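Using our numbering, you'd call the opening residue of the sequence shown number 20 and step up by one each time. Just below is one structure, and these are the notes that go with it.
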Amino acid sequence: MLLGIGLVCVPVVVAAVLVALQRPSPPSSEAAAVPVLGEAAKPEQTADPAPSAPPVGYSTFDDDGVVMRYPQEWRTVYIAMDAGAEDDGVLSEYEFHSPDADHRISFTVFSLEGVEPRAAREYHQAAETAFAGEPNTSDWRRLSLEDDPSAPSGWDVSRMEATYRDSGWRRPDRWMLWRYAVVAEEGKGYYLRFDVPGSEREDYAQIVEEVFGSFELTL
20 MLLGIGLVCV PVVVAAVLVA LQRPSPPSSE AAAVPVLGEA AKPEQTADPA
70 PSAPPVGYST FDDDGVVMRY PQEWRTVYIA MDAGAEDDGV LSEYEFHSPD
120 ADHRISFTVF SLEGVEPRAA REYHQAAETA FAGEPNTSDW RRLSLEDDPS
170 APSGWDVSRM EATYRDSGWR RPDRWMLWRY AVVAEEGKGY YLRFDVPGSE
220 REDYAQIVEE VFGSFELTL
């Protein structure tokens, strides 16, 4: 989606910190209200929410040295960093929420300063273990984990596809595409995840690829 600990334990603890800070919180049952900085959307709870139509247009996010397209009409939420998050190396964090808050993109920039150099895939595997062990998570199933050969020069990128169940969501059966990118030259890492209801995996496949394919650094 990090720092100041013994190097032997770095990958696992880093992953646990990132999962805790970046995990997209499921929508609550309260009615929607005026958004507060960093607060997840709170749509009205329904007994049997109907699938939503995939978006047809895109907006552009351009901040923190990153340009990325995301679905039009989705709400951008900046997650305010507290002292603990900053101490753990999280530099900035954003979420993009669909109107019904059941589809979400999570994007985080984190510092690699002081961390023993590791492959993105190693960070990713440790983060997977931490994520799958979360209290609300069950039925975790990794569908793929691979290095991304199309990544720009100087990037080390790991890409994972998975399904799982999270009892906190209105539609608990989930599908995600999850990417870790380590850019050693910049001393930073980038965490990007697209999370949708499992039944809409095929409907959103092209949109997910559009978002992931549009991600560029502008530093």
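For every residue, glycine included, the Cβ atom is placed at its ideal position computed from N, Cα and C. A quick note: this is a predicted structure, and the numbers were derived from the prediction, not measured.
Looking only at its chain, what residues have a beta carbon closer than 8 Å to the beta carbon of Thr-156, apart from the 5 residues adjacent to it on each side?
Phe-150, Tyr-183, Arg-184 and Asp-185
Work out the CA separation of Glu-92 and Val-176 for me, nearest whole Å.
29 Å
Should the segment 206-222 be regarded as contacting the segment 162-170, the criterion being three or more beta carbon pairs within less than 8 Å?
no
In angstroms, rounded to a whole number, what distance separates the CA positions of Phe-234 and Glu-204?
18 Å
Pick from Asp-121, Glu-229 and Glu-132 that is closest to Ser-78, judged by C-alpha positions
Glu-229
Compute the beta-carbon to beta-carbon distance between Lys-207 and Phe-80, rounded to the nearest angstrom, for a pair I have assumed lies under 8 Å.
Their Cβ separation, rounded to whole angstroms, is 17 Å, which puts Lys-207 and Phe-80 out of contact at 8 Å.
Please check the pair Thr-127 and Tyr-210, which I expect to be a contact at CB under 8 Å, by giving their CB distance rounded to whole angstroms.
4 Å
So, with DSSP's three-state summary, where would you put Val-227?
helix
Cβ-Cβ distance between Pro-73 and Ile-226 below 8 Å
yes
Report, in whole angstroms, the separation of the C-beta atoms of His-122 and Arg-94, which I expect to be a contact under 8 Å.
The Cβ separation is near 11 Å, so there is no contact.
Would you mind giving the Cβ-Cβ distance between Leu-236 and Gly-84, rounded to the nearest angstrom? I have them listed as a contact below 8 Å.
6 Å
So, at 6 Å on beta carbons, what are the nonlocal neighbours of Asp-222 in its own chain, with the 5 sequence-adjacent residues on each side left out?
Pro-73
Figure out for me which residue from Val-96, Trp-174 and Gly-152 has the closest Cα to the Cα of Ala-120.
Val-96
By DSSP, does Glu-219 sit in helix, in strand, or in coil?
helix
Can a CB atom of chain D be found closer than 8 Å to the CB of Gly-217?
Although the question refers to chain D, the structure presented lacks it and comprises just one protein chain.
Near Ser-111, which residues of its chain fall below 6 Å by C-beta distance, leaving aside the five closest residues on each side in sequence?
Asp-83 and Val-128
Would you call the CB atoms of Gly-232 and Val-202 closer than 8 Å?
no
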